[in-house]
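Each protein sequence line maps, in turn, to chains A and B.
Residue 220 in the working numbering sits at position 220 of the first sequence; the count goes up by one each step and never skips.
Residue 1111 in the working numbering sits at position 111 of the second sequence; the count goes up by one each step and never skips.
There are 2 protein chains.
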Amino acid sequence: MTQDFAQRLLDSLGSDLVTLGADIPPRHCHDWAGLAPVSPLALVRPRRTEDVSALMRLCHAAGVPVVPQGGLSGISGAAHPRADAVALSLDRMNRIERLDPQAAQMVAEAGVVLEVAQTAARDAGMMLGIDIGARGSCQLGGVIATNAGGNTVIRYGMAREHVLGLEAVLADGTVISDMAGLIKNNAGMDVKQLFIGTEGLLGVVTRCILRLQPEPRAIETALCAVADTDGALALLAHLRAALGPQLSSFEVMWPSFYNIMASGAGLALPLPAGGPHVLVEATGFSDTALRAGIEEALGEALEQGIVGDAILAKSAQEGRGLWAVRESVSEYPVILGPLVPFDVSIPLRRMSATVALIETGIADRWPGARALTYGHIGDNNLHLVVALPEPEDHAAEKALKAFVYDAIRAAGGTVSAEHGIGAIKRDYLAHSRTPEEIALMRAIKRTMDPGDILNRGKSFDP
Amino acid sequence: MTQDFAQRLLDSLGSDLVTLGADIPPRHCHDWAGLAPVSPLALVRPRRTEDVSALMRLCHAAGVPVVPQGGLSGISGAAHPRADAVALSLDRMNRIERLDPQAAQMVAEAGVVLEVAQTAARDAGMMLGIDIGARGSCQLGGVIATNAGGNTVIRYGMAREHVLGLEAVLADGTVISDMAGLIKNNAGMDVKQLFIGTEGLLGVVTRCILRLQPEPRAIETALCAVADTDGALALLAHLRAALGPQLSSFEVMWPSFYNIMASGAGLALPLPAGGPHVLVEATGFSDTALRAGIEEALGEALEQGIVGDAILAKSAQEGRGLWAVRESVSEYPVILGPLVPFDVSIPLRRMSATVALIETGIADRWPGARALTYGHIGDNNLHLVVALPEPEDHAAEKALKAFVYDAIRAAGGTVSAEHGIGAIKRDYLAHSRTPEEIALMRAIKRTMDPGDILNRGKSFDP
């Protein structure tokens, strides 16, 4: 019957849009979550919103699930296909429709790759304030559907704060369009919020209007050594007070991360191993003022003992060099082999105790494991990657997850800061959301997608 | 029967929480929308979330409507009571529970007056980035439920962007609590968004966590004369590029506003009458750098002919003086008498033509009417107030609204930028939202409040 449906799709939408069976490119059979590839029932690659709407009407009538796919760079499996579902790739809807520097906004289709959007903004003398590691692959629709974060959230906010307009297609093919691009619009409920961060469960994002930022004219990068986690938090408060919105990145690398990654990647250490290191980036609109501001702020931090040692980059090139250890995460597979990644948030007042508890607990329970801790802690966000001594020990992996997520729950944190729930964190959703919140999510899902066809089996069930 | 219910409320919740009949203070019988006062069935003033939950359970079971009330300063009638409904005032839930400068957040009950929250933040060396004219009356719950805007939206965003945590009570008394205060939390749907800007139709906001900002150390104020609306937009783009996030207010006063209000309020004109005037405020973290930045930016604007004339305040006192004409709006009743206020947004690329069309159209159609135009146009937001020649001419008022809102619809704008729909703009909701958006709002409302007891008759109907 499902094969009949696939044939019906081909007949209705045509071979330009629909690909079946062995013709489906392998890249659409998985995302970056590491799950076993699955060939979907069909791959549909619409050219316009009407195509998406037509597809959804057919699937809605037949009760066939649909898995929306963007750049497939998600690591929670939200875009991972199912054998009984249509994979809906937005990759052909990749036009930037309008770029308006005066209104500071960009109108684009969902399939535009983030880096293409960033470049277009820069070419127009502006800047897109969203940046994540997957910039060369991820698409705007996925960025919005997962409410993506990244290194500059401390300055520009999560993806939600950038969305000034949205178009989405509901489970039954209805097109919801709020594309006026108004910063202020309090006419009734702001329904576009429903599609941000809901991983395609409530609708398929097809077009968007994103806020643009004035491009900073100056940048400063510094690396600071602090005594401990509390020292990092004190530095955060100090720099925020001194620099205000000029503080654009605040990346903490605990010794576990800094030492292993620097030596593993063969990088010279800009500062000797020791307490946590903090990578600070500040951006501004005057070279001399920004330089003076950060020099004064770091000077005060050294004087007050908040910082033990610090390097302020003398050039843009030296600044990029300071990022090298932090950016060595792309070398994980080489340095660490298979690993278990965590993406969690912790309230700041619980950060110090929780990091210590997790690091100590892992060392005690799994001798020989390597646990690396780093994160965007100005946003509460901690990344932790663990290489277990026996990579294929699934029981140990399960126990490790239970241990870490229980610690996060006890601290009042979340099991997903920025990567979403997708397919792989469903068992832990209730660690971070109350039964009442989950019941409400389910009620909204049942209302908007009574047949449960949109990304069935991901995030939360109706 | 409703009187029976009122008595039952009194018996269940007690006389400390419930007030009936003539004992209900007149202030709870209306908000600032100017609608005729109505005495509610009962006034309930809870002391804690559990009281709100108990009230909602009783009302839900009996099908009795509830009108949530904050500071009652809304001007769209969202908090206006009904004779068949309980007025639920949050004014006693007015504790600031925690103020955490390190995490840059404040935990507070919904009934905290905005100005009290602002002062508490300042006392802790931080700043709350929300400021509206009603600061001395409005309460945080109302600020959130109406997604309030104000003069600093261009810098800090609407209320939605400040809400890091929220607690709300649903129609059936269920408490939804997301009070972890995490900047990043992508665990499933972010249900707190449902309660922001929905005017109490989906739940009653009882507690919140608000983001705090580092307090700027420097402020500069300037008044600029530009040639026309396009000149104001050119100045906006110029200052945004030059000052970045230091640009904290950009208030345009068209001649219709500037001339009438200055002479009506007896204010000396800082700059002679002429083309639109723009009040610019910039804030930063270094006195000398900010001064140099704004001097250079204004100098360039003068040189390039974007600005015809400009005054840069030499002191904080002079800066406050430049705000005098803009802030003379509190003198409306004296200067203009009864008036019809509009709060609309317009896409920037349609701003110039739409302002001209509306001003000319009003002059043509209602000779003798005085129409004053001003606004936060960096946020698309235009305020327009019209004093008709015959204040009690309801047919003219209706025709005026139809004329203005039709022009806004044609421009792709919204009939409510920041004041909400409430009781008084319901007829125009469809001017700014598509049938599909409204159908979705209704479906969500039916799901979350099947008995339509929460703020029945406001904003949109189930």
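Beta carbons are placed, not taken as given, at the ideal position from N, Cα and C, and that holds for glycine.
Nonlocal neighbours in the same chain, by C-beta distance under 8 Å from residue i, ignoring five residues either side
i	result
B/Asn1381	Gly1149, Val1153, Asp1343, Val1344, Ser1345, Gly1375, Ala1417, Glu1418
B/Arg1092	Arg1045, Pro1046, Arg1047, Gly1111
B/Glu1097	Val1107, Ala1108, Glu1109, Arg1207
DSSP bridge partner residues for residue i (one or two, in chain order)
i	result
B/Val1280	B/Ala1222, B/Phe1250
A/His376	A/Asn381
B/Ser1089	B/Gln1069
A/Arg370	A/Ala387
B/Ile1311	B/Leu1223
A/Ile176	A/Ala168
B/Ala1399	None; B/Ala1399 has no bridge partner.
A/Gln139	A/Val113
A/Thr414	A/Ser345
Partners in chain A for residue i, counting only beta-carbon separations shorter than 7 Å
i	result
B/Ile1176	Glu436, Glu437, Leu440
B/Asn1147	Asn186
B/Leu1210	What B/Leu1210 touches in chain A: nothing, since even the nearest Cβ is about 15 Å away.
From the options, residue whose alpha carbon lies closest to that of residue i
i	options	result
B/Ala1110	B/Val1052, B/Asn1259, B/Leu1013, B/Arg1122	B/Val1052
A/Gln193	B/Gly1451, B/Asn1259, B/Glu1437, B/Ala1033	B/Glu1437
B/Val1044	B/Ser1012, B/Tyr1428, B/Ala1062, B/Pro1037	B/Ser1012
A/Glu161	A/Ala168, A/Gly181, A/Met126, A/Asp172	A/Gly181
A/Met127	A/Gln105, A/Ala54, A/Ser137	A/Gln105
B/Asp1449	B/Phe1257, B/Thr1174, B/Leu1088	B/Thr1174
B/Gly1188	A/His431, A/Ile424, A/Gly420	A/Gly420
B/Pro1367	B/Leu1357, B/Leu1348, B/Glu1390	B/Glu1390
A/Tyr405	A/Arg27, A/Pro462, A/Asp427	A/Asp427
A/Arg82	A/Leu58, A/Pro101, A/Asn94, A/Leu41	A/Leu41
B/Asp1100	A/Glu327, A/Ala87, A/Arg349, A/Gly70	A/Arg349
A/Gln69	A/Ala62, A/His60, A/His80	A/His80
B/Thr1354	B/Gly1305, B/Thr1414, B/Ser1330	B/Thr1414
B/Leu947	B/Ala1168, B/Arg1365, B/Gly1274	Residue 947 of chain B is absent from the model: chain B starts at 1001 and stops at 1462.
B/Pro1347	A/Ala316, A/Val329, A/Asn185	A/Asn185
B/Ala1232	B/Ser1315, B/Leu1322, B/Pro1255	B/Pro1255
Enclosing beta strand (DSSP E) for residue i [first to last residue]
i	result
A/Leu99	96 to 100
A/Leu166	163 to 169
B/Cys1208	1204 to 1211
B/Met1106	1105 to 1109
A/Val18	18 to 20
A/Leu194	Note, A/Leu194: premise wrong, no beta strand (DSSP E); not H, not E.
Under 9 Å from the C-beta of residue i: neighbouring residues of chain B
i	result
A/Gly153	A quick correction: the sequence has Val, not Gly, at residue 153 of chain A. Under the 9 Å cutoff, chain B gives Ile1183, Lys1184.
A/His238	Those do not exist, as A/His238 stays about 10 Å from chain B at its closest Cβ, beyond 9 Å.
A/Ser352	Neighbours of A/Ser352 on chain B: none; closest Cβ ~11 Å, over 9 Å.
A/Asp406	Near A/Asp406 there are no residues of chain B at all, since even the closest Cβ is about 15 Å away, more than 9 Å.
Span of the alpha helix (DSSP H), counted from its first residue to its last, around residue i
i	result
B/His1238	1229 to 1243
B/Asp1343	It is not in any alpha helix (DSSP H) - B/Asp1343 instead sits in the beta strand (DSSP E) that spans 1340 to 1345.
B/Gly1321	1316 to 1322
A/Leu128	Where A/Leu128 is concerned, there is no enclosing alpha helix (DSSP H), given that its DSSP letter is neither H nor E.
B/Leu1043	From DSSP, B/Leu1043 is part of no alpha helix (DSSP H) but of the beta strand (DSSP E) over 1042 to 1044.
A/Gln364	Per the sequence presented here, residue 364 of chain A reads as Asp, with Gln not at that position. Here the alpha helix (DSSP H) through A/Asp364 covers 351 to 365.
Partner residues on chain A for residue i, Cβ-Cβ distance less than 9 Å
i	result
B/Gly1413	Ala180, Leu182, Asn185
B/Asn1380	Ala103, Ala180, Gly181, Leu182, Ile183, Lys184, Asn185
Contact set for residue i: own chain, Cβ-Cβ below 7 Å, skip 5 residues either direction
i	result
B/Asp1393	none
B/Thr1283	Pro1216, Ala1218, Ile1219, Gln1246, Ser1248
A/Gly422	Ala33, Gly74, Ser76, Gly77, Ala78, Glu199, Lys458, Ser459
B/Val1325	Met1253, Tyr1258, Met1261, Ala1262, Leu1267
A/Thr146	Gly74, Ala78, Gly197, Glu199, Gly420
Amino acids of chain A, ordered along the chain, whose beta-carbon sits closer than 8 Å to that of residue i
i	result
B/Gln1069	The premise fails here: B/Gln1069 is roughly 18 Å from chain A at the closest Cβ pair, so nothing lies under 8 Å.
B/Phe963	Outside the shown range of chain B, which is 1001 to 1462, sits residue 963 of chain B, and nothing can be said about it.
B/His1419	Asn186
Chain-ordered neighbours of residue i on chain B, where CB pairs are closer than 8 Å
i	result
A/Asp427	Here the premise fails: no neighbours, minimum Cβ distance about 12 Å.
A/Glu161	Gly1157, Glu1161
A/Pro347	Ala1103, Ala1180, Gly1181, Leu1182
Nonlocal neighbours in the same chain, by C-beta distance under 6 Å from residue i, ignoring five residues either side
i	result
A/Val385	Leu339, Pro341, Leu372
B/Thr1019	Leu1043
B/Asp1172	His1060
Residue i: contacting residues in chain B (beta-carbon distance under 7 Å)
i	result
A/Val191	Glu1437, Leu1440, Met1441
A/Ser459	Gly1188
A/Arg433	Ala1187, Gly1188
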